[in-house]
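To keep things clear, I will list the structure first and then write my remarks on it.
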RNA sequence: GCCGGGAUGGUGGAAUAGGUAGACACGCAAGACUUAAAAUCUUGUGGCUUCACGGCCGUGCGGGUUCGAUUCCCGCUCCUGGUACCA
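In this note's numbering, the protein residues as written are 2 to 976.
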């Protein structure tokens, strides 16, 4: 018994943790809590690669550290197990997605357990489990039963809205609702039929069914939300996406726009992610102005953020999709304008987006009247106006808006300056300045002009101050099988909720996972997909929920994952509160991270949780990229003399090492080296194809071939494994450099096709989980994107062995001494303690590993084996390398887990120095070092520095111009 | 275009209330041990220059502030993430 046998040690302690439920988290009000969470994975068929655990390792280290610091830690893990890949696989193979999902989860769990995470597995959740999605459905029902009251600034029960309608109609109700919601009185309401009432309520509910323009992805057979579409293609699979009007469920997230925006100020997230959310929400403060159309009853509503420039309006522009635009076209403009609308409408979203340079538009022939000065201005249709934003109409101020300017220039429309400044370089948006040529707001400062203009609008009833958001309501349905069924049935074509006691509404079996013949979603294939009430049997909703439904609230479920009577007991959600550390990728900035905040705020309004921000602190880990390796094959096509057309020669497989390959590419190869390569190809050809007459190869052409990174070590190819990699390579020949075959390398995305996927299991097999954990951290700052590269992993492994050896004598026997450590030994230890504590607050994991290495190197140098040093050292290392730490801890004679102990206290006094080696600079350049007592005064230091030989040499008899002395830091002599 | 993040040896990276640039590790080189190899250990390792002592240059580029700048300011280049006619 001697060696560091990581395999046995790791298995042993993983079993111990599981058996003793070491990481079981229980509510304990006597201790401060720490909730540490990882963005939960979608269990894909490919399993984990080394990039996935990066964030988990970091959060695991923090969790274990916090536990040692006396916190009660919750660190759960689970699976976002509904999703498209399993369903696509089901479509191809007929295998039920639940089965493949189950298998994938088993594989993920096994892989995760091998890494030794301090997860409380008893809290595991799976979004596709009926006991989980029962509550996803329940939350959906609460949303359906709620509306957003703007006076209360929170969600309230829809029943209370009905009560108000019954007594006062909706004219005094300030609530978030559909744009075209009509005004009605109490009498109107009471006279409405049941159907009319339900239709009206849908305009208020926080989740509602409505005809919406959606992103339709034909290849996936479903609609997608905005954040699932990237550049006109689906994020998953990269299929084309088109805009289409469809009846869909939506979430009225826009009701929460302002709170989602404000909430960002009180959470500790990275600025880029917050900024992304701010942009996504896109709040604009401005005004709505109503323009009358000349000789017509029509009016045009525009939204503007620059109502102060209203005297500079020289035309109005409408979106081509707008119905109003079509109706305003006059006879003499009909031909051109209608033709334009036709073309503009049929241009795809993508085309319009990619082609922003082309200016196009058409005059409708109608005029609008500027309500401020009564001026008649032309009404145009222009495709730079988006139908989906604001009112789909803009008041154009060419002088102070670049797009309006370009448009006006192009069509020769008037450009009228209304802000003081120079127009020499075209339009200027003017963030500040005085208003000119503008009637009663002339000579006012912009801000003031804006206020006055809005007052004017409101007084005259021709507009009002308004806040506009870019964010749209989120589409909530997918025409897919593998998702949560909506707890909704239809009566008279209107949606009703199923009874709460019937939850969960379990996903039915279907014969195929494809749409029905008449284009209904897959649930249309299910038998008896109906809801039976006392009144009759009604069809259930056929669409399912999107991927983000289950992940929008899972952090609450973790606190009480087994509860069947409530989604989570409030004493538990109260105790664990907001997530104290959330680690995951920033790619979820406008999806999951926004929706989770939305649902949390809603549940908060409902009074069922006490926090309104789910993730207090978030860190975004950088992606681990792949590092591909290449071999360079000599293109072996030499000329053959033969009459046999069917002759298929065996082309030799000859590979050139990178150094020589570079010479070939750069034309630096010597004739000798060149002939060596050519001879090898030619000889090999003869050997493989005896008797064939051929012209020897005379030029070298090389092709780059991806080679499996798992048979390459420090860029050196393992020749035996390479030959065994594929049958056609068995006879491969190599041109080496210095006796080795060196591969080329490039950073690419980690993917199977590039043979650069590294599986954590392989690393664990070779070096152990502790090495993997340390190495992933050692690679660099957590947030940084970096390629996976095992080049340095040996160093980390060596470190663990050195650590192990500190506790063992050179015969390999465990041996620690109870003697009092020296000052140096204490110093080495406490330097590491200090660094680790600092690093934990900064989440700087890579530097902690370095400081451990320094500490162990120093202790090795001191031949230290003192218990008083080695016990705290084991604790220090335990969050990073828990298995070896547990083993050493138990060898030290402890019978309980190292996780039960507490973090060693840092003692500054061990680091106190009495002397310091001052760097002495001459004109800012380090020239000499002098060792001085730290108690010396400035004058004494100065004197000592000037007395130094080297300083004397530089002074060359002169006296210094100036001396800078910073005690304990530096001396600078200016000559 | 706009809004973020970044650029340091052969490599991953360290050091920013301005104060010894290159910690730690990889790689490489030399040496020890060994019949040999592996493993391990020791030493060296930014570039140029010098027998050596030493000197000069050096944190993407160009300026500036300062006794002193990887760090602060101004102007660029390149890479990278987000977003895109949002009125």
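Every residue, glycine too, gets a C-beta built ideally from N, C-alpha and C.
Please classify residue 935 as buried or exposed, where buried requires at least 16 other C-beta atoms within 10 Å of its C-beta.
exposed
Could you please give me the residues that DSSP links to residue 809 through a beta bridge?
815
How should residue 322 be labelled, buried or exposed, when 16 other C-beta atoms within 10 angstroms of its C-beta is the threshold for buried?
buried
Thinking residue 56 and residue 32 are a contact (beta carbons under 8 Å), I'd like their distance in whole angstroms, please.
Wrong, their Cβ atoms sit about 25 Å apart, outside the cutoff.
Based on the DSSP output, what are the partners of residue 178 in its beta bridges?
Paired residues: none, contrary to the question.
Nearest neighbour of residue 718, chosen from 467, 767, 812, 656 [CA to CA]
656
Candidates 582, 517, 165: which alpha carbon is nearest residue 186's?
165
Residue 770 versus 312, 574, 746, 114, residue with shortest Cα-Cα distance:
114
For the beta strand (DSSP E) containing residue 96, name the first residue and the last one.
Neither: residue 96 is in no beta strand (DSSP E) and is coded neither H nor E.
Starting from residue 676, trace the beta strand (DSSP E) in both directions and tell me its first and last residue.
First-last for residue 676: 672-689, but that is the alpha helix (DSSP H), not the beta strand (DSSP E).
Thinking just about the alpha-carbon of each residue, which of 250, 861, 761, 301 is nearest to the one in residue 546?
250
Go to residue 528, then tell me how far its alpha helix (DSSP H) extends in each direction, as first and last residue.
Counting along the chain, residue 528 falls outside any alpha helix (DSSP H), and DSSP gives it neither H nor E.
Bridge partners for residue 632 per DSSP, in chain order?
706
Can you tell me whether DSSP reads residue 642 as helix, strand or coil?
strand
In whole angstroms, give me the CA-to-CA distance for residue 12 and residue 772.
14 Å
Name the two residues that bound the continuous alpha helix (DSSP H) containing residue 856.
846-862
What is the DSSP secondary structure of residue 723, reduced to helix, strand or coil?
helix
Short check: CB of residue 869 to CB of residue 852, under 8 Å?
no
From 626, 577, 637, pick the residue whose C-alpha is nearest to that of residue 610; which is it?
577
For residue 423 versus residue 400, is the C-beta spacing smaller than 8 Å?
no
Taking C-beta to C-beta, are residue 144 and residue 603 nearer than 8 Å?
yes
Would you mind reading off the limits of the alpha helix (DSSP H) that contains residue 168?
159-169
Residue burial classification, residue 502 (beta-carbon count within 10 angstroms, cutoff 16)
exposed
Residue from 236, 734, 256 with nearest C-alpha to residue 209
256
Please work out which residues of its chain come closer than 6 Å, Cβ to Cβ, to residue 66, disregarding the five sequence neighbours upstream and downstream, and give them in chain order.
841, 880
For residue 90, which residues from the same chain have a beta carbon less than 8 Å from its beta carbon, with the 5 sequence-adjacent residues on both sides left out?
46, 96, 98, 101
Report all residues from its chain with a CB closer than 7 Å to the CB of residue 905; omit the five preceding and five following residues, and keep chain order.
834, 873, 876, 877
To test your reading of the DSSP string, which unbroken alpha helix (DSSP H) runs of 4 or more residues are found completely within the stretch 185-245?
187-192, 195-203
If you compare alpha carbons, which of 468, 901, 482 is closest to residue 285?
468
Is residue 252 helix, strand or coil when you go by DSSP?
strand
What is the DSSP secondary structure of residue 768, reduced to helix, strand or coil?
helix
Using a Cβ-Cβ cutoff of less than 6 Å, which residues in the same chain neighbour residue 642 once the five nearest sequence positions on both sides are dropped?
694
Between residue 497 and residue 490, is the Cβ-Cβ spacing less than 8 Å?
yes
Where does the unbroken alpha helix (DSSP H) through residue 1002 begin, and where does it stop?
Since the first residue shown for the chain is 2 and the last is 976, residue 1002 is missing from the structure and cannot be characterised.
Quick check on DSSP: helix, strand or coil for residue 2?
Below a pLDDT of 50, predicted positions are generally treated as unreliable, and residue 2, at 40, falls in that range; no measurement from the model is reported.
Cβ neighbours of residue 710 in the same chain (closer than 6 Å, five flanking residues each side left out):
630, 757
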